[in-house]
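Number of protein chains: 4
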Amino acid sequence: MNESWIDPVKSEELAALRHEIHRWPEPGWAEFASTARAVERLEREGFKVRCGAEFVKPESVMGAIPREVEAALADAKRLGVSEALLARMGGLTGVVAEFDTGRAGPTVAIRCELDCVCVDETKDPAHRPNAGGWASERPGYMHACGHDGHQAVMLNLARWVRANADRLSGRIKLIMEPGEEGSRGGRPFAESGVVDDVDFFYALHVGCDVPAGTVIVAPEKFLCTTKADLFFKGSPSHAGMQPEVGRNALLAASTAALALMALPRHGSGMTRVNVGWMQAGEGRNVVPASAEMRIEVRGETEAINALMYREAVRRAEGAAAMYGCTAECLVKGEALDFKADPEAVEAAEAAAKDAPYVERVEHYMNFNGSDDATVLVKRVQARGGRATYIVVGSTLEAGHHQAAFDFEEKHLETLYAIEKALLRRHCARN
Amino acid sequence: MNESWIDPVKSEELAALRHEIHRWPEPGWAEFASTARAVERLEREGFKVRCGAEFVKPESVMGAIPREVEAALADAKRLGVSEALLARMGGLTGVVAEFDTGRAGPTVAIRCELDCVCVDETKDPAHRPNAGGWASERPGYMHACGHDGHQAVMLNLARWVRANADRLSGRIKLIMEPGEEGSRGGRPFAESGVVDDVDFFYALHVGCDVPAGTVIVAPEKFLCTTKADLFFKGSPSHAGMQPEVGRNALLAASTAALALMALPRHGSGMTRVNVGWMQAGEGRNVVPASAEMRIEVRGETEAINALMYREAVRRAEGAAAMYGCTAECLVKGEALDFKADPEAVEAAEAAAKDAPYVERVEHYMNFNGSDDATVLVKRVQARGGRATYIVVGSTLEAGHHQAAFDFEEKHLETLYAIEKALLRRHCARN
Amino acid sequence: MNESWIDPVKSEELAALRHEIHRWPEPGWAEFASTARAVERLEREGFKVRCGAEFVKPESVMGAIPREVEAALADAKRLGVSEALLARMGGLTGVVAEFDTGRAGPTVAIRCELDCVCVDETKDPAHRPNAGGWASERPGYMHACGHDGHQAVMLNLARWVRANADRLSGRIKLIMEPGEEGSRGGRPFAESGVVDDVDFFYALHVGCDVPAGTVIVAPEKFLCTTKADLFFKGSPSHAGMQPEVGRNALLAASTAALALMALPRHGSGMTRVNVGWMQAGEGRNVVPASAEMRIEVRGETEAINALMYREAVRRAEGAAAMYGCTAECLVKGEALDFKADPEAVEAAEAAAKDAPYVERVEHYMNFNGSDDATVLVKRVQARGGRATYIVVGSTLEAGHHQAAFDFEEKHLETLYAIEKALLRRHCARN
Amino acid sequence: MNESWIDPVKSEELAALRHEIHRWPEPGWAEFASTARAVERLEREGFKVRCGAEFVKPESVMGAIPREVEAALADAKRLGVSEALLARMGGLTGVVAEFDTGRAGPTVAIRCELDCVCVDETKDPAHRPNAGGWASERPGYMHACGHDGHQAVMLNLARWVRANADRLSGRIKLIMEPGEEGSRGGRPFAESGVVDDVDFFYALHVGCDVPAGTVIVAPEKFLCTTKADLFFKGSPSHAGMQPEVGRNALLAASTAALALMALPRHGSGMTRVNVGWMQAGEGRNVVPASAEMRIEVRGETEAINALMYREAVRRAEGAAAMYGCTAECLVKGEALDFKADPEAVEAAEAAAKDAPYVERVEHYMNFNGSDDATVLVKRVQARGGRATYIVVGSTLEAGHHQAAFDFEEKHLETLYAIEKALLRRHCARN
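Protein chains in written order, with my numbering: chain Z, 1 to 430; chain P, 1001 to 1430; chain U, 2001 to 2430; chain F, 3001 to 3430.
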């Protein structure tokens, strides 16, 4: 019966849409234009779409940077995004779109990411986006991780769903997450409940140092991580006249930095900690009244990571108390560990085997990094759903997050084929 | 013979010039318009004038902030400062003007300051500069220390010198120092040699918490101080993948900050130390490769201050070495202690007694702060010259460096009268 | 009428008693034999005597070292100190003896110290105690501060009081304080109330770098100080197997040490801080579960010193909290600042002028150290009494607290004469 | 031909000798009586024996504690160890004994340990050594790791070798290493060259949390470790009078402690670090002039461990430099990672299979600890020899290094049987 499936998408359409998206990169929780594009296209294909504040709880949002949000919002308005749509978003981004076939069947979700990376795209004329005239038009921002491609595939997949609506059963959910960089979107999306009814959940990523021709369907060693910003508040005084009056937030932060880096190893698994950025103080001759730092911890398991963060907070708060200051620790991002479900792995393996440009399908790789899809996966699994994470190898021009990043565009067809195959497997009408 | 002295200056002219200067504040080593005004006026009065690079050694300049210098230079050009004059300055500021009477006699120098403070002037309509329409036109900058008045007095004094040229002997030097704030101008001016031939040296300041009606002619307890910027260089690595590869400059700086604040007290006199500002690191997940901090030390004597700075450098360098980093310590400002010479004090006392609005002339006050006039004073004294520092009390609207700072303008007349009297005392032709 | 005073004491008796005391030095709060000697002699002279727990509140005692107390107690028993007397002491030391003339008049107190220093007396045969056969018989302990002489004078003074009882009015209090070294006895004695009824209070000291022939009657710059021991408690774990389980008291203590030394200077006066000793940890491969440190702070005024100690405690407790440990801060000694009362100074001046071997009586010297007589002085002054501190200069063989310390024994006569003269002045019967 | 082997050892003799050794425990590099016993017994069996300074280079010795060495030496003299033997030892301990069959064949070495642990043996009457009257007679020391049993087996094995001399070929080396605790003996023994001619090398250990009945013949995850003592030297001064003069070794050590615990994780493998003990300073009011700490680092590989130690030294030296102090870092112990050779594993497996009380022979266990036999193993392997480490499981009364430690004595027979079988396999005369 497979022969009867309709495919309305030409492969050059995948690349064309990716180019459009690539030109207008938006960082985490500032993806207003990206959200608008997705909403319009998905509604056109008959999906029931919710965006931004329509489903995300504002209090759950982590790591939005006001300056970036405001700039992107202003840009989106200038670009012509409709006021009505922006009103629906209510200052938040992200999309969940559902296609209900009206027939009994499983709920299958596929997730992609909306945000870009904060990096200036290379000016090298040999860089394909430059050569092709579709480089980033927002200085300081670039789709340097492949999320442009992921979106292009998903929005075209919606066309395929509509075209084949009669052949499908169950419900299809397309989930477009903001703020994956910094692991800022997973937790808010999980808490919104968008995956609570999902039976099968898939997240796909291109690249990831996997060679072209290989697809991985059960990667391991996703690291749990917590990103946090720490704010130390003291009070100022003239360092010459009344040094005893001030409450030295710079010393509190410096003491905390040393103690954070000295968090103990863990006997049961790998840990990491970093104080990556710190700023403290005002004038040269003023006892510093404020300090801020950006940290991250990691752990091989959720328990180890949670212990690392708990102890980090304890050390920061103690350091603040030492100097009569206060410390506020705000979580800015979170990703978890990951264990693929055999049923989902099996489906992914079958789907990948027949996809174009695939020579090898393998189960394991050490991911050795973090993706907050894991937060959604845990939520799905906690309710009895099945999930896996699929990596589609590709030869990269430069590594992820680098100014010259690019992947082989033919692998968009691989992603598209895998996604279609997954839906056919789970939702083909009997 | 005193009756025969000519006075070409009306008291409202002092205030008017102060208002003009107040409107265009320029920070340390960026006083291009201020320098230009002074050069033009002083040359008009027959002084032999040198400015900027004509006498300052570029390598001696401390604490110029490139961003501020460039902005002020661009503003000065827009304002119409002549290219020829800017060429003479050669990117540096400051003025030394000499009036040689051609007759044997002492060399008498008076010093004022050119720079403003980095503070936004209050918008309060009751603030006199606002009411009078002569508030700062450069946001973020304000003459909030009285240097505008000092300059206005000195430039008018030049008119008096010319008018009374026949009655004077010896040589009169007017010294207009850039970058007094942060103690950045004294050392370079001293090293330029501009006071090496000076027999009598006077620096005057309005305000300083001295009550209106009082003049102090031999203040004490000027604190020696060294201001420095410290740069720590390490190298980055991915904090998750290769934490062992990076060289952590943030830890070096934090360790140094703690150790600097723990510099020991001194058994023989007061000390101070402050790490007022610090920034370190790049991204949250990168081992920090750079850090910068702004510090100051103080000591009751030159020896104590020098020890404090020497030990600060030792601690910074050791901290850098701990983490495989390097530390660079750049002196950005310097002021010394101060001991008035009896001959100069006597002259100042006599000059102040007859000045308008003066009720009391006193010798001592605890200055409890720093002024790099002390560096020039030491240079003068080392060559056998005499010097003192004169404080003219005034009721202030708000303290020095505050957004609502203002002094009683009638005290410009006091300053002007004292300066004239000092010149008459030392240089009156027999 | 002065001629009629009786003097039952020969000058060689002062030296002889000093030698006896010198042979048996006892450290702070362990002066059992010294207390016994004093009690017996003072009761023999008709004084009403209280000792140890008869008036000292056990809970007020600071800085007693159990090991030293036990050793001295055992030694005292071996030496033949009566069980009855030891029972009266109740494990505590110190003496207050009162001679009530039965006639109206002021209460005059003189205070001396009972304790020795923890230093091994030199073996140099030229050292007078060695030559004379009266060197310390308790290894590790020595009367190296002059307290042996102070006691010898006071116990002989009691003989003089009894001999002249008919000529005296008012009440005479002889106060023999334990644990002056480390400032451990003053506070408990003050809190016992022994000086609460005192009208005139005098503490005398020989030496103190004052030249022989000079007596100082109104010394200045006594430093306030607080001595404290800090105990950090964590919990152990195997550093290789379970490094995350332990609570690292060594890190808590190290963090505290840095932060204590970084306590800010004070704008209103001199401060000092020292972490003089620290021990932490158990085995090389165990996460350290305990740490201990000995610290002191000083301040030019009581308020500054109190702030220093309060902030020290804050920093120690905060550091403990950082690492999940607890900190206990126990005050082990305390001395205050000092201001002599004119009436007492006048009396001391008069008394000193006529004493033997005195060439000069001066008011001021910078004491630049601490003596917890100041705690008693404050208590006296708070109730309207008058007090001063008297230093009797003497040529020292070696400085205070050194193994070869000795003073000129003839100055015991000076001390004795001054004490008699003070009593005659205040208590001579009209 | 196996049937013809002679066994002169009764199993109760193994236990009896163990009891004798257990009564007289000696710590690392202080095993004088243990060395004497071994020399006498091994020479009696015809071995060529060298001991102490006869082969160990004094400059290679690590971690000997003078106080312990002196005490054990004095005890050994009292015990009647001959002067001649002590002279041969030359102040050092350890034994290497060689039996040359005079026939061509491999050189086979077995290694055991001489030293005890610094722990007080329990007084519990149920503890077998107490019940049997063979508990430790040296308070503070106990054979709480099984080394008494290892020695007892080896010394009886020598009897077997002599009894079967005609049946053997090649050379048999019995190596009795001092100071295994703290990994202090392996490196000096390796550098002495005693294993340079060894073809097969075996080290055996009883217990190690392996269940009774199981023998492990190819354990993994031996951790590389370096133990070091760090000495910081500064200079003292009076903390009140001249705080600026001292060089604060306590601050240097505290700064180092924090930085050591903050040594970065390693991307390629497990690391550990501990500052287990620290002492600093002299008196409460003296700027601390000295500090000492005991540290250890570990790493999953030799390269990682070496990096950890190199960086630890860098941090300690930098911290010392910060405060004008010096740091001396002395290695006190060292163990390496370990990889068993298949030939040795095969031999061990075969030997273990037939030993009494053995139910299971397994290859792998995670050793998760350190044994400096690994240093000897690396030396053997570097010259082409083969080696493995054999763990003989046993039910322990309490864990290794605990006061109630004991193993099942029947397993001495297992060890003995394995050692015999290894010699038969490699050295049986054809």
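From the three backbone atoms N, C-alpha and C, an ideal C-beta is built for every residue, glycine too.
With its beta carbon at least 9 angstroms from every one in chain Z, residue 3308 (chain F) lies outside the interface. Nearest CB-CB separation between residue 2261 (chain U) and chain F: below the 9 angstroms threshold.
Under the DSSP assignment, residue 1205 (chain P) falls in the beta strand (DSSP E) whose first and last residues are 1200-1206. Around the Cβ of residue 356 (chain Z), a 10 Å sphere holds fewer than 16 other Cβ atoms; the residue is exposed. Residue 269 (chain Z) and residue 3271 (chain F) have their C-alpha atoms spaced approximately 11 angstroms apart. Looking from the CA of residue 2346 (chain U), the closest CA among U:2128, U:2066, U:2201, U:2092 belongs to U:2201.
The DSSP-derived three-state label of residue 2309 (chain U) is helix. Contact between the segment 1124-1141 of chain P and the segment 1184-1199 of chain P is not established, with fewer than three Cβ pairs separated by less than 8 angstroms. The CB of residue 1278 (chain P) comes closer than 9 angstroms to the CB of 250, 253, 254, 278, 279, 280, 281, 288, 291 in chain Z, given here in chain order.
For residue 3230 (chain F), no CB of chain P lies under 9 angstroms from its own CB, so it is not counted at the interface with that chain.
The three-state reading of DSSP puts residue 3010 (chain F) in coil, since its state is none of H, G, I, E or B. Taking a C-beta distance under 9 angstroms as the contact criterion, residue 2418 (chain U) and residue 2210 (chain U) do not qualify as a contact pair. Proximity of chain P to residue 2226 (chain U) at the Cβ level (cut-off 8 angstroms) is not reached, the minimal Cβ distance being about 16 angstroms. Only those residues of the segment 321-349 of chain Z whose C-beta falls short of 8 angstroms from the nearest C-beta of chain U are listed: 321, 322, 323, 324. A check of alpha carbon separations from residue 1236 (chain P) across P:1264, P:1324, P:1296 identifies P:1324 as the nearest. Excluding the 5 residues flanking it on each side, residue 1147 (chain P) has same chain C-beta neighbours closer than 6 angstroms at 1113, in chain order.
The alpha carbon of residue 402 (chain Z) has as its nearest neighbour, out of Z:220, Z:350, Z:116, Z:68, the alpha carbon of Z:116. Short of 7 angstroms from the beta carbon of residue 2006 (chain U), and not among the five residues preceding or following it, lie these beta carbons of its own chain, in chain order: 2163, 2164. Between the segment 3023-3031 of chain F and the segment 3083-3098 of chain F there are three or more C-beta pairs closer than 8 angstroms, enough to call the two in contact.
Counting C-beta pairs closer than 8 angstroms gives fewer than three between the segment 3332-3343 of chain F and the segment 3244-3254 of chain F, which falls short of the contact rule. Counting the other Cβ atoms within 10 Å of the Cβ of residue 2156 (chain U) gives 16 or more, which makes it buried. DSSP places residue 3186 (chain F) within a helical segment (H, G or I) once states are collapsed to three. In the DSSP annotation of this structure, the continuous segment of the beta strand (DSSP E) that includes residue 2174 (chain U) starts and ends at 2171-2177. Interface flag for residue 2129 (chain U) against chain P is unset, since no Cβ pair is found closer than 9 angstroms. Judged by their CB atoms, residue 1170 (chain P) and residue 1105 (chain P) are nearer to each other than the 9 angstroms cut-off. DSSP, reduced to helix, strand and coil, places residue 3164 (chain F) outside both helices and strands of the structure shown, so it counts as coil. Less than 9 angstroms divides the Cβ of residue 2293 (chain U) from the Cβ of residue 2277 (chain U). Take the alpha-carbon of residue 2177 (chain U) and the one of residue 1227 (chain P): they are about 50 angstroms apart. Nearest Cα to residue 375 (chain Z) within the set Z:339, Z:348, Z:406, Z:407: Z:339. Using a Cβ-Cβ cut-off of 7 angstroms, residue 3176 (chain F) is close to nothing in chain P; its nearest Cβ partner there is about 38 angstroms away.
Any Cβ of chain F closer than 9 angstroms to the Cβ of residue 1266 (chain P) would place that residue at the interface, and such an atom is present.
Residue pairing for residue 2075 (chain U): DSSP places it in no beta bridge.
The C-beta distance from residue 3070 (chain F) to residue 3027 (chain F) rounds to 12 angstroms, too long to meet the 8 angstroms contact threshold. The continuous stretches of beta strand (DSSP E) do not include residue 92 (chain Z), and DSSP gives it neither H nor E. Residues of chain Z whose Cβ lies closer than 8 angstroms to the Cβ of residue 2236 (chain U) do not exist; the shortest such Cβ separation is about 13 angstroms. Below the 8 angstroms Cβ cutoff, chain Z contributes 265 as neighbours of residue 3271 (chain F), in chain order.
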